[in-house]
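K.L.:
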Amino acid sequence: MALVEGDIKFRGTIVLPKNSRLVGTAGTVHTLDRVNINWMLAVTPEGCEFPFAGLAMSSEDGSAGVKGKLEKHEDSIAATIALKSVLSAGAAAASVVAPVEGALTSGFSGEANQMLDQNVSKMKSLESIHVRERTPIRVFVLRRFIRAASSQ
Numbered sequence: 236m237a238l239v240e241g242d243i244k245f246r247g248t249i250v251l252p253k254n255s256r257l258v259g260t261a262g263t264v265h266t267l268d269r270v271n272i273n274w275m276l277a278v279t280p281e282g283c284e285f286p287f288a289g290l291a292m293s294s295e296d297g298s299a300g301v302k303g304k305l306e307k308h309e310d311s312i313a314a315t316i317a318l319k320s321v322l323s324a325g326a327a328a329a330s331v332v333a334p335v336e337g338a339l340t341s342g343f344s345g346e347a348n349q350m351l352d353q354n355v356s357k358m359k360s361l362e363s364i365h366v367r368e369r370t371p372i373r374v375f376v377l378r379r380f381i382r383a384a385s386s387q
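Using the numbering used here, read the sequence shown as starting at 236 and increasing by one per residue.
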């Protein structure tokens, strides 16, 4: 969601008043440090809603997307690997103490290890992008929008 900080005018007429809100969806591209935002709806301060098609752009250079800080989550991978070793050690210890229970524990441990293996392969590229709150942006309007006349 974005807040319009000043009246937006077209040919001298206010088309989007100050304090209107833009509502949309966000997505990322893993190789970039940007969040792509597609605006779909505008809401005026009076609560009037209307379709609004637009894209968020950098206020600095006009490039597509909002620049953020890319963070990689290697710590999640390390925790998963540590959990795998605990499961393996637990299964080995259980099989020495009680063979029947150890076989059950070993089966459970094997299933858990398989699931963790799948998650580790997915986590190798686990990243997130954080955008600072109140980051200024520009909005590229994709098509003409029509706002219902206010009853003022």
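Even glycine gets a Cβ: it sits at the ideal position worked out from N, Cα and C.
1) Does the distance from the C-beta atom of Ala288 to that of Leu377 stay below 8 Å?
2) According to DSSP, is Glu368 helix, strand or coil?
3) Compare the Cα-Cα distances from Ile381 to each of Lys302, His365, Asn254, Phe285 and report the closest residue.
4) DSSP three-state call for Met236: helix, strand or coil?
5) Mind listing, in chain order, the continuous beta strand (DSSP E) runs of no fewer than 3 residues lying wholly within the stretch 269 to 315?
6) Would Leu251 and Asn273 be called neighbours here (beta carbons separated by less than 8 Å)?
7) When we look at the beta-carbon of Val335 and count the other beta-carbons within 10 Å, is it buried (16 or more) or exposed?
8) Just to confirm, are Arg369 and Met292 a CB contact at a threshold of 8 Å?
9) If Val258 and Val278 are in contact, beta carbons under 8 Å, what's the gap, nearest whole angstrom?
10) Give the range of the beta strand (DSSP E) segment to which Arg379 is assigned.
11) Looking only at its chain, what residues have a beta carbon closer than 6 Å to the beta carbon of Asn254, apart from the 5 residues adjacent to it on each side?
12) Shortest alpha-carbon distance to Glu295 belongs to which of Arg379, Phe375, Pro371?
13) Which residues share a DSSP beta bridge with Leu251?
P.N.:
Looking at the coordinates:
1) Residue numbering aside, residue 288 sits at position 53 when the sequence shown is read from its first letter. Residue numbering aside, residue 377 sits at position 142 when the sequence shown is read from its first letter. Pairing Ala288 with Leu377 gives a Cβ-Cβ distance under 8 Å.
2) One-based indexing of the sequence shown puts residue 368 at position 133. Note: Glu368 maps to coil in three-state DSSP.
3) Working through the sequence shown from its first residue, we reach residue 381 at position 146. Measuring from the Cα of Ile381, the nearest candidate turns out to be Phe285.
4) Position 1 of the sequence shown holds residue 236. Looking at Met236 - three-state DSSP - the assignment turns out to be coil, as it is neither helix nor strand.
5) 269 to 278, 284 to 293, 304 to 307
6) Numbered from 1 along the sequence shown, position 16 holds the residue referred to as residue 251. Numbered from 1 along the sequence shown, position 38 holds the residue referred to as residue 273. Against a cut-off of 8 Å, the Cβ pair of Asn273 and Leu251 comes out as no contact.
7) As a working note, residue 335 is residue 100 in the sequence shown. Because Val335 sits at a pLDDT of 46, beneath the cut-off of 50, its placement in the model cannot be relied upon, and the following sentence gives the value as read from the coordinates. By the neighbour-count rule (16 or more Cβ atoms within 10 Å), Val335 is not buried but exposed.
8) Within the sequence shown, residue 369 is the residue found at index 134, counting from 1. Within the sequence shown, residue 292 is the residue found at index 57, counting from 1. No.
9) Mapped onto the sequence shown, residue 258 falls at position 23. Mapped onto the sequence shown, residue 278 falls at position 43. Contact holds; Cβ gap of about 7 Å.
10) As a first step, residue 379 is located in the sequence shown; it is residue number 144 there, counting from the start. It is not in any beta strand (DSSP E) - Arg379 carries neither H nor E in the DSSP assignment.
11) Translated into the one-based positions of the sequence shown, residue 254 becomes position 19. Excluding sequence neighbours, Asn254 sits near Pro280.
12) Position 60 of the sequence shown, counting from 1, holds the residue named residue 295. Comparing Cα-Cα distances from Glu295 to each of Arg379, Phe375, Pro371, the minimum goes to Pro371.
13) Numbered from its first residue, the sequence shown carries residue 251 at position 16. DSSP lists Ile243 as partners of Leu251.
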